[in-house]
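Under the numbering used here, the first residue of the sequence shown is numbered 6, with each subsequent residue one higher.
Each residue gets a CB set at the ideal place from its N, CA and C atoms; glycine is no exception.
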Amino acid sequence: MKKIPDYTVVYSDNDVVVLNKKSGLLIAQDRYDLEAPRLDLEASEEFGKLYAVHRIDKDTSGIIIYARTVEAHKNLSMQFEERKVEKTYHCIVRGKPMWEKLSVDLPLLPDGDARHRTVVNKKIGKESFTSFRVLGGGSLYTWIEAKPKTGRTHQIRVHLAESGFPIVCDPLYSGNLKPIYLSEIKRSWRGNEYEERPLLARLALHAYKISFNHPVTGERLTFTAPYHKDMEALKKQMEKLFHFEIEE
Numbered sequence: 006m007k008k009i010p011d012y013t014v015v016y017s018d019n020d021v022v023v024l025n026k027k028s029g030l031l032i033a034q035d036r037y038d039l040e041a042p043r044l045d046l047e048a049s050e051e052f053g054k055l056y057a058v059h060r061i062d063k064d065t066s067g068i069i070i071y072a073r074t075v076e077a078h079k080n081l082s083m084q085f086e087e088r089k090v091e092k093t094y095h096c097i098v099r100g101k102p103m104w105e106k107l108s109v110d111l112p113l114l115p116d117g118d119a120r121h122r123t124v125v126n127k128k129i130g131k132e133s134f135t136s137f138r139v140l141g142g143g144s145l146y147t148w149i150e151a152k153p154k155t156g157r158t159h160q161i162r163v164h165l166a167e168s169g170f171p172i173v174c175d176p177l178y179s180g181n182l183k184p185i186y187l188s189e190i191k192r193s194w195r196g197n198e199y200e201e202r203p204l205l206a207r208l209a210l211h212a213y214k215i216s217f218n219h220p221v222t223g224e225r226l227t228f229t230a231p232y233h234k235d236m237e238a239l240k241k242q243m244e245k246l247f248h249f250e251i252e253e
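In structure tokens form, the structure reads like this:
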């Protein structure tokens, strides 16, 4: 079986590298698993030393920025701190929301329980805001766009779970790790149920788009990360079956 690449290059220059990573790969060292595979170390073989300026979860796929110099790292980190970076995520949730758009501002406390989960805490939680929009779907699953204005750990995952629509295959917040099978969503499916493979069997969250100012030129840059094979296959099936189209 052909190995899926750990990352593809979206953009690179002397100051910045933008990569599209697969699910299951850390973007920097983790305090709980020091030996886990890391994107920064792997990509450094191609680009030299890389400096992380933001994080996405290990199980989230999609776009990630690294700085290539100390000066670029300082500039980009400040842009994140000052909320000048715009981030867009796409995900699949269980169920069908009654809303087309939703704003969630529940305050969050990272590492708030024994499982190191982020929890809602209205007393000491940090300000957290995410806007959501329905992109399409059926009765069992819905494709959602998420735009976090703040950058709390697991923010999108918690805000959706607290709203009653956990992300598919979220090991921490959904309570349901059941993969998505074509036989679930296609009424005319006639395959062998004992041999069927899931369309998607990992956290259905993808860092899709990011906009930021180039740390040297100041030019506003926007990049998108194409879906990986599993999410792309599911998208095509759902678009065809439920008559919607996700904007690329």
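Closest to R36 by CA distance: which of C96, R99, A206 and H121 is it? Out of C96, R99, A206 and H121, H121 has the C-alpha closest to the C-alpha of R36.
Backbone secondary structure at K101 - three-state DSSP: K101: coil per DSSP, three-state reduction.
Give the straight-line distance between the Cα atoms of K26 and R162, rounded to the nearest whole angstrom. Spanning the alpha carbons of K26 and R162 requires a straight line of approximately 19 Å.
Option nearest R207 by Cα separation, candidates I185, S193 and E201: Among I185, S193 and E201, the Cα nearest to that of R207 belongs to I185.
Bridge partners - K154, DSSP secondary structure assignment: DSSP lists no beta-bridge partner residue for K154.
Quick one: using the 10 Å Cβ neighbour count with 16 as the cut-off for buried, is L24 buried or exposed? Only buried fits L24, as 16 or more other CB atoms lie within 10 angstroms of its CB.
Pull the bridge partners of P95 from the DSSP assignment, please. Just to set this straight, residue 95 is His in the shown sequence, not Pro. According to DSSP, which records beta bridges pairwise, H95 is partnered with E150 and H211.
Is D11 near L30, with beta carbons less than 8 Å apart? Yes; because the gap between Cβ atoms is below 8 Å, this pair is in contact.
Check whether the region 104–115 touches the region 165–177, counting contact only when three or more Cβ pairs, one atom from each stretch, lie closer than 8 Å. Contact holds between the region 104–115 and the region 165–177, because three or more Cβ pairs, one in each stretch, are under 8 Å apart.
S188 beta carbon less than 8 Å from that of E201: Judged by beta-carbon spacing, S188 lies within the 8 Å limit of E201, meaning their Cβ atoms are closer than that value.
Report all residues from its chain with a CB closer than 6 Å to the CB of R138; omit the five preceding and five following residues, and keep chain order. Result list for R138: K106 and E150, in chain order.
Within this structure, are the beta carbons of I68 and I215 separated by less than 8 Å? At the C-beta level, I68 and I215 come within 8 Å of one another.
How long is the line joining the alpha carbons of D20 and L145, rounded to whole angstroms? Here the C-alpha atom of D20 lies approximately 44 Å from the C-alpha atom of L145.
Determine the closest residue to V90 out of L44, A72, G156 and Y16, with distance taken between C-alpha atoms. Distance check between V90 and each of L44, A72, G156 and Y16 places G156 closest, using alpha-carbon atoms only.
Apart from the five residues on each side of it in sequence, which residues of its chain come closer than 8 Å, Cβ to Cβ, to Q242? Only L187, I190, K191 and L204 meet the Cβ criterion.
Expressed to the nearest angstrom, what Euclidean distance is found between the alpha-carbon atoms of G265 and K183? The question about residue 265 has no answer here: the residues shown for the chain are numbered 6 through 253.
In the DSSP assignment, the beta strand (DSSP E) including I69 goes from what residue to what residue? Note, I69: beta strand (DSSP E), S66 to A72.
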